[in-house]
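Worksheet: the structure to be examined is printed underneath.
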Amino acid sequence: MQIYVDAAAFRDGNGSKERPFRHINDAARIAVPGDEVLVAPGVYREYVNPVNAGTPDARITYRSMQPLGAVITGAEEVKSWTPYEGNVWVCRIGNGLFGDYNPYTTYVYGDWYFAGRSKHTGAVYLNDKMLYEADSLEACVKGEVYECSWEPEASVYKWYAVQDGDETVIYANFQGKNPNEE
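According to the UniProt record's numbering, the sequence shown holds residues 1 to 182 in order.
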């Protein structure tokens with residue numbers, strides 16, 4: 001069976017070509033071995049958790065209807081940035097957005113992680129480029145080059161996060177760019 005998904009669909013459908021689902025996870029809940037989930041071009045900001053697994057002889061296939069047209073991302077687009085100081089902007093995000101897992105309070109850890117500084121599992125992006133996490137708000141504001149970086153010139157783009165009650169406050173040095181317009 002073919003199950004259709006389209007982020008631009010008016011409202012959730014039934015997975016048919018005429019009434020596609022809006023979310024890939026809706027298709028993932030009903031897909032069974034042998035099904036093909038056809039995903040229309042678009043950005044899908046969701047967590048996809050398939051209920052069923054395929055088999056060696058009958059896989060469940062997820063395919064973009066246009067090569068490289070469908071993007072699944074866990075990132076949320078934030079357009080509520082306000083100027084803070086110099087090139088730094090700030091935004092406040094209610095912790096409810098993160099559900100049970102706030103990546104801005106959770107640190108990377110493991111027996112494989114040898115970095116001298118703790119880093120959060122969250123990230124900030126601008127124009128598909130990940131910013132560098134600063135160790136302090138002061139370092140974020142300064143936006144200095146980190147010479148040990150793979151891309152030293154890009155290391156001036158920094159972010160820093162703190163908790164304020166039930167909100168995550170993120171500061172980001174966008175080097176003169178307006179994040180609400182990028």
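Ideal placement from N, C-alpha and C gives every residue a C-beta, glycine not left out. Fair warning: this is a prediction, and the values are worked out from it, not measured in the lab.
Closest Cα partner of residue i within the set the options
| i | options | result |
| --- | --- | --- |
| residue 48 | 82, 28, 108 and 8 | 28 |
| residue 231 | 124, 108 and 25 | This structure cannot settle anything about residue 231, because the visible part of the chain is limited to 1 through 182. |
| residue 127 | 77, 87, 83 and 182 | 182 |
| residue 5 | 72, 77 and 54 | 72 |
| residue 79 | 14, 54, 53 and 90 | 90 |
| residue 171 | 8, 180, 13 and 124 | 124 |
| residue 94 | 42, 104, 87 and 85 | 104 |
| residue 40 | 156, 140, 65 and 25 | 65 |
| residue 43 | 68, 114, 56 and 52 | 68 |
| residue 138 | 158, 150 and 154 | 158 |
| residue 134 | 99, 163 and 156 | 156 |
| residue 11 | 23, 1 and 2 | 23 |
Buried versus exposed call for residue i [16 or more other C-beta atoms within 10 Å across all chains shown]
| i | result |
| --- | --- |
| residue 168 | buried |
| residue 101 | exposed |
| residue 81 | buried |
| residue 20 | buried |
| residue 88 | buried |
| residue 148 | exposed |
| residue 144 | exposed |
| residue 132 | buried |
| residue 174 | buried |
| residue 70 | buried |
Contact under 9 Å by Cβ, residue i with residue j
| i | j | result |
| --- | --- | --- |
| residue 96 | residue 58 | no |
| residue 152 | residue 146 | yes |
| residue 85 | residue 63 | no |
Opening and closing residue of the beta strand (DSSP E) in which residue i lies
| i | result |
| --- | --- |
| residue 91 | 88 to 94 |
| residue 83 | 82 to 85 |
| residue 186 | In the structure as shown, the chain starts at 1 and stops at 182, and residue 186 therefore has no counterpart that could be examined. |
| residue 17 | No beta strand (DSSP E) holds residue 17; DSSP gives it neither H nor E. |
| residue 155 | Residue 155 -> no beta strand (DSSP E), and no H or E assigned at all. |
| residue 38 | 36 to 39 |
Residue i: first and last residue of the uninterrupted alpha helix (DSSP H) it sits in
| i | result |
| --- | --- |
| residue 25 | 24 to 30 |
| residue 137 | 137 to 142 |
Chain-order list of residues whose beta-carbon lies under 8 Å from that of residue i (same chain, five-residue window excluded)
| i | result |
| --- | --- |
| residue 45 | 73, 74, 75, 76 and 77 |
| residue 130 | 123 and 124 |
| residue 106 | 120, 121 and 122 |
Beta-carbon proximity list for residue i, same chain, < 7 Å, skipping 5 on both sides
| i | result |
| --- | --- |
| residue 13 | 19, 20 and 21 |
Neighbourhood of residue i by C-beta distance below 6 Å, restricted to the same chain and skipping five residues each side
| i | result |
| --- | --- |
| residue 51 | 29 |
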